[in-house]
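**Q**
Pasting the structure below:
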C-alpha cells in the first residue's frame, strides 16, 4: 500500500510539474550497515527550469535538508545522495528544486532478516476452538509469516492475521482444522523477508492449554441458617475431556464485601459434570452470601515452554456468580449490658441502657428488645410497659422505689433469644454516690473525659464504667445510635477516646461488687483554654427555592471562649472544586443561636456554606463546607418576543432566553389564540422558531412562556395576521328550480376563506352526444341565474362546479373606482355576468397572484328527450307488472299444491255413505274438502244405526276444562271395506280406549255436561265446526268437515237444536249449566 502511494506521488510530481526524476525508480531495501545511492536529475527541457542547475537541487527528510556531506554533484543536472553503513529504519527522501519545488520522493527500508518470534502460545477455549498468537520484533523489512501444524501424520495450514503492534494470531475451529481429540500439535512458523528466512518449531499440548467456560446452572440447596450445599455444572462439551479440573470458590457477605474468603474444597464431590460442595458453619443467618466460582484445567506434571504454569491467571475461566440467602433463626445473643447502665432522676424516672446488636448478629428481620419481666425486691411485677423504648434504651416514668431487675431478650420474627440480659437498678439507699465529671475536652476527634471519685464510700468502689454514644441534640443523655461502654479500674479518673465520625455524649458510673451509682452524663464542662476550635458538627435542616436553613452543635470545650459565629456563603459551579462563581457573602451572628437561615438565594443554585467560631482574640478555622442546592422555581419570563417573517400558514418567531432559568430542564410554551406548542430549550441565548400550521388570513395573538416544573410569567405579546392563502373547498352547489327548465345555482362561502374572496369561478361542463363543452365564468356573488334552459328538448349532461379565488396584488396594482367592462358575448351563461360584476383583474394588476381553491363536488343534471322519457317510464311499468304477475302465479301454484296434498279421513258414522248406490260419493269425498251441516236431530238417525249402547261423556271442571269419555266395548264397528277404511283406522288401532275432550265455552267458560249418543269409535275431533282426524299423539292434524254457519250449534226458541233432515237420524243431546242460549264450541283433542 505504501509503495502504491509513493508511486502515485511520484507520478504527480514528475508529470504534473515535469521538473525532473529520481533514480532508482523504486523503493530501496537493504540490510543494516549496507550502503545505497539515490540520484535526482533536473529536467532542463521543461519550461521554467532553464534558470536552475544541479546546485539548486537538494534532498530533504520531511522539511529538514540532508547534510551536504552526503550529497555529490554529478553534472549540471544531476546530484547523488550516498549513504554508507545504513542504520536500521525507514526513511523517505524528497528531492526539491530551489528548496521549494518537489522533483520526486523515494523510500528507503533498512532492516534485518526475520528474528525468532516471542510469546508464541496457543489456547483452546472450552475445547471448541483454538487461537495461536505471537509477537514479532520490529523490522522495517517487514517479514511475512506462514504457520503450519501437524497432527499425527496430517499437515495443515493456519491462516495468520495481523492485529496490532506486530502481533499475529491464527484461528482454528471445529469446522476448519481444529481436532479436539488430539493431544499434541506440532507447529512450524516460517518468517521471510527481503533478506532471508527463519523457521521455528513449537509443540503444544492441546489439553493443557484448554480454558474452560465458566460454570453454569449454579444454585444452593439444603439451605439453613448455618449451612448450604453449592451445586454447579461444567460445560457439557467437556464431558469427554481427558483432564481433571481445579475449582476455586470464593464467598463474601454484605457485612464484609471486600473480604473474599476462599473455601476449602476438601468436601468437593462430583457426579459427571455436576459438582457439589457443602458449606458448614456459615457465620450469619438471614444474610445474602455472594458466591464466585471459577475453574481451570489440571495440567500434567511436566511443563514445556508452551504449557502454562499453575499460577497463570489467564488459564482460569471467568467467574460465575450467584447469591443465596440463609434462613433466619432466633438471635444468638441477648442485648449486651454492663454494670451501671442505668440512670434515675429526681422524679424516679428510670432510664436503662444496653448495646444494640450489630446487623450480622440479629439473625432475622424486625429485631427489637423485649423487656419481658420486671422484678421489684425479687417479686415479679406485671403490667408495666416502658413509656419509650429504642434499640439502645428504655424509659419508665415514675416507677416505684425498690431494687429493680429488668429481664431483656433479643427478639426477631423467629422468636426470643435463648438467654436474657439483666439490668440491676439498686434502690436509692443501696445506690452509690455518682462520680463528678469535671472536664471534657475534644481536639480533632480526640476526646478526653476527667472525673473525680464520689464523696463517700470510696473504699468500696471497684471500677468505673465509661459510656458514650453519638448524638445530634444538646441533651446530655440522648443517643442517636447504640451506646458503647468500657470498664476501667477504680484508680483511673480519665478516659481517652478517638472518634472522628460525629459529636459524642459521655457519661461515667461508679461500681462496687453489689451496687452502682448509675450514669452521670457530662454537661458542657470545658477546659479553660483561649484557643477557639473548629466547628465540627453542622447539617442542613431545610431547603427551599430561596433559602437554606442549617443547624450546628457546639463541642463542650468551645463554650467558654465563644463570642459568636461568622457565616460565609457563595454559589458554586462544581461541588468538587467548590470554587465560587459569584461574589462571596459574609455575616456575623451572636453565640446564642444554634441554627440560621440564609434567605434571598437564587432558585436551583448550588451554594457552599462555611461556619467559623470567633472569640475575643481570634477567629477559628472554617467548618467543613455545607453544600446544597436550592429547589426549583418558575423561570423569569422570555424576553423580546418578535417576528421575522409572516407567511400565509406560518410565522418565524424569535425571542431571548429568560435571564434566570431557576430549574433543571426547561422548555418553552408558544401560545397562539388559546393553542399551544412546546419548544425544547437547548441552552441557546437567542431562539428562533417556525410556528406553522396556521390558518391563512387570520389574526393571532402570540406570547411565550418558559416552564421548568413551574410556569413563568408570559413574555411580551405580539399581534399578527397571516397572509392571504388559498380558500378551502366549497361544498357542492345547490339549485332552485325557477320553472321551464330554468335554474338558479347558488353556493355557500368556503369554510376557510383565507382572504377577502375577491371572486368566484363557476365551471360549467356540458356533455352532448359525447362532445364536452366547458366554460369558466367569474362571479362576484354566490349565485348564477342560468340564461339558458336546462334540458330543453335535447339530451345533455350538465356539471356545475364552483371555487373561490383570493387575489394578492403587487405594488403595480392600478386601483380604479369602477370595475372595467368585461367581455360580453353570446356564450355568457349567467345573468350576473355584467360590467358591474365581472372584473378584468389583469387590467387592475397583471402581476397579481390569483390563489384559486379546489373545485367543489359537481352539481349534476342529466337530461333526456321527452319521447325517451315516456318510453323509459312505459318500460318500467311493464317490468313491474310482469314481476307482480309472476309472484301471484307462484303463490297460487303453491297454495293449490298444498290443498291437493290434504289427506281425507272420515269418521265411522259417515262410512255408510260410501256404500250407497252412488259410487261417486267416496271418490268425491277423497278428492275434496267435505263441508257438511249437522243439525243435531238428523245426525241421530244416521249415526246411531249400528249403535248398541250409549256413551256418556261427563264434563269435569278441570284447569283445562277436560272431561273423560268412556267408550264401551260392545259398540259395534261400522261395516267398511278394508281398503276404504284404511285411512280412517290408520291413526289408532285401539279405537275404544278412553278419550280426552276439551270443551270451550266462548261466552263465560261455564262448566257443562255433554251427553253424546254417538257410536263413533275412531279418533275424530270437532273444532270450530270441523271434524278432524287425530294423530298418534292425540292431537288434531287437519280439518275435514266444516259445520254450517259460524261453527256453533243453532238452538230454536225452546232451547233445542235445529235439525237438518238431509242426514239420517242420530240423537245427540247437549246441555250447559248456563242459563242463556250461549253458543259452545266443543274441541276434541
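In mature numbering (1 follows the signal peptide of the UniProt record, and there is no 0), the protein residues as written are -16 to -1, 1 to 1069. By construction, the Cβ of each residue, glycine as well, lies at the ideal position given by its N, Cα and C atoms.
On the three-state DSSP scale, how would you describe residue 558?
**A** Start at 1 with the first residue of the chain shown, and residue 558 comes out as number 574. Residue 558 falls in the coil class under three-state DSSP.
**Q** Helix or strand or just coil, what does DSSP make of residue 616?
**A** The count along the chain shown starts at 1 and reaches residue 616 at position 632. Coil at residue 616, not helix or strand.
**Q** Residue 164 bridges to which residues according to DSSP?
**A** Within the chain shown, the letter at position 180 stands for residue 164. DSSP output for residue 164 lists no bridge partner at all.
**Q** Thinking residue 315 and residue 240 are a contact (beta carbons under 8 Å), I'd like their distance in whole angstroms, please.
**A** Taking the chain shown and counting its residues from 1, one reaches residue 315 at position 331. Taking the chain shown and counting its residues from 1, one reaches residue 240 at position 256. Rounded, the Cβ-Cβ distance is 20 Å, inconsistent with contact.
**Q** Let me confirm a value: residue 325 is counted as buried when at least 16 other C-beta atoms fall within 10 Å, else exposed. Which label applies?
**A** Position 341 of the chain shown, counted from the first residue, corresponds to residue 325. When all chains shown are included, residue 325 counts as buried.
**Q** Provide the residue span of the beta strand (DSSP E) that contains residue 142, from first to last.
**A** Here residue 142 corresponds to residue number 158 of the chain shown, with the count starting at 1. Per DSSP, residue 142 belongs to the beta strand (DSSP E) from 138 to 142.
**Q** Quick one: complete alpha helix (DSSP H) runs, 4+ long, within the stretch 50 to 124?
**A** Whole alpha helix (DSSP H) segments, 4+ residues: zero.
**Q** Taking all protein chains shown into account, do 16 or more other C-beta atoms lie within 10 angstroms of the C-beta of residue 390, making it buried, or fewer, making it exposed?
**A** The sequence position of residue 390 within the chain shown is 406, counting from 1. Its Cβ being crowded by 16 or more others within 10 Å, residue 390 is buried.
**Q** Could you give the uninterrupted runs of the beta strand (DSSP E) lying entirely in the stretch 219 to 248, keeping only those of 3 residues or more?
**A** Counting whole runs of 3 or more residues, the stretch 219 to 248 contains the beta strand (DSSP E) stretches 229 to 237.
**Q** The beta strand (DSSP E) with residue 673 in it runs from where to where?
**A** In the chain shown, counting from the first residue as 1, residue 673 sits at position 689. First-last of the beta strand (DSSP E) with residue 673: 670 to 675.
**Q** Using beta-carbon positions only, say whether residue 100 and residue 187 come within less than 9 Å of one another.
**A** Residue 100 sits at position 116 when you count from the first residue of the chain shown. Residue 187 sits at position 203 when you count from the first residue of the chain shown. Contact flag unset, no.
**Q** Per the contact definition of three or more C-beta pairs closer than 8 Å, is the stretch 87 to 94 in contact with the stretch 17 to 24?
**A** These segments touch.
**Q** Pull up the DSSP beta-bridge partners for residue 1079, would you.
**A** Nothing can be reported for residue 1079: it is not among the residues displayed for the chain, which extend from -16 to 1069.
**Q** Quick check: what's the CA-CA separation for residue 472 versus residue 213?
**A** Here the question's residue 472 lines up with position 488 in the chain shown. Here the question's residue 213 lines up with position 229 in the chain shown. Looking at the two C-alpha atoms, the distance is approximately 46 Å.
**Q** Mapping the DSSP letters down to three states, classify residue 876 as helix, strand or coil.
**A** What you label residue 876 is simply residue 892 of the chain shown in a count that begins at 1. Residue 876 falls in the helix class under three-state DSSP.
**Q** Using only alpha-carbon positions, find the residue among 797, 721 and 860 that is nearest to residue 768.
**A** Start at 1 with the first residue of the chain shown, and residue 768 comes out as number 784. Closest by alpha carbon: 721.
**Q** Give, in chain order, every unbroken run of the beta strand (DSSP E) that is at least 3 residues long and sits entirely within the stretch 692 to 779.
**A** Those beta strand (DSSP E) runs which fall completely within the stretch 692 to 779 and span 3+ residues are 702 to 705, 718 to 723, 726 to 730, 743 to 752, 755 to 763 and 767 to 769.
**Q** Taking the beta strand (DSSP E) that residue 472 falls in, what are its first and last residues?
**A** Mapped onto the chain shown, residue 472 falls at position 488. Here the beta strand (DSSP E) through residue 472 covers 468 to 473.
**Q** Can you tell me where the beta strand (DSSP E) with residue 262 in it begins and where it stops?
**A** Position 278 of the chain shown, counted from the first residue, corresponds to residue 262. First-last of the beta strand (DSSP E) with residue 262: 258 to 263.
**Q** Between which two residues does the beta strand (DSSP E) containing residue 492 stretch?
**A** Taking the chain shown and counting its residues from 1, one reaches residue 492 at position 508. 488 to 495 is the extent of the beta strand (DSSP E) around residue 492.
**Q** With respect to the beta strand (DSSP E) encompassing residue 42, which residues constitute its N-terminal and C-terminal limits?
**A** For this step, residue 42 is matched to residue 58 along the chain shown. Here the beta strand (DSSP E) through residue 42 covers 41 to 45.
**Q** Looking at the strands, I want to know which residues DSSP matches up with residue 415.
**A** The residue you call residue 415 lines up with position 431 of the chain shown. Note: residue 415 sits in no beta bridge, so no partner.
**Q** CA-CA distance, residue 818 and residue 652?
**A** Locating residue 818 in the chain shown gives position 834, counting from the first residue. Locating residue 652 in the chain shown gives position 668, counting from the first residue. Unreliable placement is indicated for residue 818, whose pLDDT of 44 sits below 50; the coordinate value is still reported in the next sentence. Approximately 55 Å between the Cα atoms of the pair.
**Q** Pick from 603, 600 and 592: whose alpha carbon is nearest that of residue 610?
**A** In the chain shown, residue 610 corresponds to position 626, counting from 1. Of the listed residues, the one whose Cα sits closest to residue 610 is 592.
**Q** Can you have a look at residue 164 and say buried or exposed, based on whether 16 or more other CB atoms are within 10 angstroms of its CB?
**A** For this step, residue 164 is matched to residue 180 along the chain shown. Burial call: buried.
**Q** Counting pairs of beta carbons, one from the stretch 193 to 206 and one from the stretch 298 to 306, are three or more of them closer than 8 Å?
**A** Flag = yes, the stretch 193 to 206 and the stretch 298 to 306 touch.
**Q** Can you round the beta-carbon distance between residue 663 and residue 673 to whole angstroms, since I take them to be within the 8 Å contact cut?
**A** As a first step, residue 663 must be located in the chain shown, where it is residue number 679. As a first step, residue 673 must be located in the chain shown, where it is residue number 689. With a Cβ gap of about 5 Å, residue 663 and residue 673 count as contacting.
**Q** Can you tell me whether residue 875 is buried or exposed? The criterion is at least 16 other CB atoms within 10 Å of its CB, across all chains shown.
**A** Against the chain shown, residue 875 aligns to sequence position 891. The residue in question, residue 875, is exposed, as its Cβ has fewer than 16 Cβ neighbours within 10 Å.
**Q** Rounding to the nearest angstrom, what Cα-Cα distance links residue 771 and residue 830 in this structure?
**A** Counting from one through the chain shown, the residue named residue 771 turns up at place 787. Counting from one through the chain shown, the residue named residue 830 turns up at place 846. Cα to Cα, residue 771 sits roughly 30 Å from residue 830.
**Q** Using a 10 Å radius around the Cβ and a threshold of 16 neighbouring Cβ atoms, would you call residue 1070 buried or exposed?
**A** One cannot answer for residue 1070 here, as it falls past the ends of the chain, which runs -16 to 1069.
**Q** Report the three-state DSSP secondary structure of residue 194 (helix, strand or coil).
**A** For the purposes of this step, residue 194 is taken as residue 210 along the chain shown, with counting starting at 1. Correct three-state label for residue 194: strand.
**Q** For the beta strand (DSSP E) that contains residue 454, what are its first and last residues?
**A** Position 470 of the chain shown holds residue 454. Note, residue 454: beta strand (DSSP E), 447 to 454.
**Q** Going by the CB atoms, is the gap between residue 215 and residue 158 shorter than 9 Å?
**A** Reading the chain shown from its first residue, position 174 is the one you call residue 158. Reading the chain shown from its first residue, position 231 is the one you call residue 215. Cβ atoms of residue 158 and residue 215: not closer than 9 Å.
**Q** Report yes or no: do the stretch 778 to 787 and the stretch 711 to 730 share at least 3 C-beta pairs separated by less than 8 Å?
**A** Verdict: yes, contact present.
**Q** Exposed or buried, what is residue 937 when buried is set at 16 or more other beta-carbons lying within 10 Å of its beta-carbon?
**A** As a first step, residue 937 must be located in the chain shown, where it is residue number 953. In this predicted model, residue 937 has a pLDDT of only 39, less than 50, meaning its place in the structure is not dependable; the value taken from the coordinates is given anyway. Answer is buried; the Cβ neighbour count reaches 16.
**Q** When burial is assigned at 16 or more other CB atoms within 10 Å of the CB, is residue 708 buried or exposed?
**A** Numbered from 1 along the chain shown, position 724 holds the residue referred to as residue 708. Label assigned to residue 708: buried.
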